[in-house]
Amino acid sequence: MLEAAQWMQETVAVLDTLVKRIAALVENASFVQVPKQFYPILAGAGRSALADIRTRYGVSVSSSDSIIEGCKEIVISGETRLQVSQATTLLKERLAVIVTQTQKLAVPQHLSGALLGSKGTTIKLVTEQTGVFVYTSNLQDNKGNLTMFIYGDSTDLTNKALADVQKRLVNLQGAYKTLDFPSKYFKFLYGRNRRNINMIENKTGVVILMHSTTDSMENQYLSVHHTDINTINQALVLLTKQLQNISLQYKPLEVPNEIAPVLLKCCKVLGERFPNVNLSLALGQPTEEYNSLPLSSSLTVYSSNQVEREEVVSIIDRVVRILQENHRVMAISSALVFPLKGLDNAYLDDLSKNAKVEITFSRLSTRKGEQSLIITPLIDVVLAAVAMPDCGVIALARGSLAHTEDTLKARVKTLKDECQPVYVPGGFVPFLIGHHDARIRRIQASTGTTISISNKPKDDKGNHMLIIFGTAKKVQDAFTKVSKYLNVYYQRQV
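Each residue of the sequence shown is one higher than the one before, starting from 1 at the first, in full-length UniProt numbering.
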């Protein structure tokens, strides 16, 4: 009885403390109602504006949907009433300025995507040039238009950005013409961060939109919009000239799929060495029948500097020749890929570092349910052999390739002997994995095993295959832990 009374006394004391803290929090808190259309501007990009208030006054700032329709509620709380009052005053002053200086623009829904640009690139360009904040609401007016809100630190900035957006919208609503071009030229016509298209738009005042076609993967088209047909024709002349230059500066190379993933690393190194040369590798895809014939990938070398372009092409030709003569390929069951890699790719990283070889997985396999594991010399070694053909580094690398292949074959055999397959319901898979893979990582770490789970059901009941890799005792320990979680999962389904 004494223990119960003591526990009750302690509980009452804790509750009393909580009540006092809540009362103090409410007393030192302020609630501001903000119309939803102005909230993104008030909060700032990445909530930076709210973070500024939090840092300046040492208060806590949070937001949620308000009970008042069409509003967001911002809650400001702090240690003292003065802190909260100062932060609230600044927030309300900023909101008043935003409401006054924000301009609205009705945008027809079917033109909103074109006006914003792919991934918002067009509007991002406007914000970078004028320093304004642009936000588009998904709410429609009685005519089906969306509303775009434009806010700048001054009325002049806001009006300048509004005029720019209005001009683009008028051009979109005007006449247009289209231009077909090969899809392989898109990257070079578009330019980095849309640079080439922006240059033509700024020079002529047109709006250029990129489109893909459904009937052909080899071609696509663009549309040029403006109210004046002569201006459209002027832009088309510039675009056509650009495409002609690309065709002259474009050098396609066919490379075997087996070494294509390794060439990605080579392209990165060469890209740093030759910054004016653009290298693009499009991996070839296997046919539905998984034809056993070697497939090829397309590597593109593009540069306006003919000397550098031909030098890079020459280097790649020799790299391809060396890799074709000095590589090993192993067909690995997809179920064994994750266990072979180890947690966070640790096993292959260590093996690659110690053997001084590149180990790359590729899905460009010749059979379903398998991946190709490719072993090649280090890219630095290959480039050294290109620069100095008689240095003998490739002869030394061949021994490492053979040793690495033998090591991996032995590892694969061990994994096959130690694996324990289990079939589990599809709904159990996310439960076992846990938030951010925490639960399955904990099981693997505590038992010293590796657990692989199939992405798709493996039987007509929708069950997934779970494979546990490790020694017999470790597999049993992991199986016991998985079984416990499976029982918990079934109990929750009742």
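Every residue gets a Cβ at the ideal spot worked out from N, C-alpha and C, and that includes glycine. No experiment lies behind these values; they were computed from the predicted model shown.
query	result
Boundaries (first-last residue) of the alpha helix (DSSP H) holding residue 99	81-101
N- and C-terminal bounds of the beta strand (DSSP E) containing residue 35	29-35
Beta-carbon contacts of residue 229 that lie in its chain and below 7 Å, excluding the five residues immediately before and after	175
Cα-Cα separation between residue 128 and residue 360, rounded to whole angstroms	40 Å
Under 8 Å between C-beta atoms of residue 336 and residue 301	no
Proximity of residue 71 and residue 97 at Cβ, strictly below 8 Å	no
Sequence ranges, alpha helix (DSSP H) only - wholly within the segment 354-408, length at least 4	379-387
Check whether residue 355 and residue 404 have beta carbons under 8 Å apart	yes
Separation of residue 309 from residue 268, as counted between CA atoms	15 Å
Residue 412 and residue 372 closer than 8 Å at C-beta	no
Residue 289 versus residue 282 - alpha carbon distance	Because the pLDDT of residue 289 is 43, which lies under 50, any placement of that residue in the model is unreliable, and the number read from its coordinates should be weighed accordingly. Approximately 21 Å, taken between the alpha carbons.
Distance between residue 408 and residue 319 (C-alpha atoms, nearest Å)	25 Å
Own chain residues within Cβ distance below 6 Å of residue 147, not counting five before or after	104, 137
Outcome for residue 490 when other beta-carbon atoms lying within 10 angstroms are tallied against a minimum of 16	exposed
Through-space distance from residue 87 to residue 81, alpha-carbon basis	10 Å
Outcome for residue 376 when other beta-carbon atoms lying within 10 angstroms are tallied against a minimum of 16	buried
Start-end ranges of the beta strand (DSSP E) lying completely within the segment 115-175, minimum 3 residues	133-140, 145-151
Residue environment, residue 31, which counts as buried when at least 16 other CB atoms sit within 10 Å	exposed
Cβ distance (whole Å) where residue 183 is taken to contact residue 220 below 8 Å	5 Å
8 Å contact criterion, which residue 393 and residue 387 should meet: CB distance rounded	The Cβ separation is near 10 Å, so there is no contact.
Same chain only: Cβ atoms within 8 Å of residue 232, ignoring 5 sequence neighbours per side	175, 176, 177, 206, 224, 225, 226
Inter-stretch contact (C-beta, 8 Å, three-pair minimum) for the segment 109-126 and the segment 56-75	no
Between the CA atoms of residue 442 and residue 419 - distance to the nearest angstrom	19 Å
Per-residue DSSP class, three states only, for residue 412	helix
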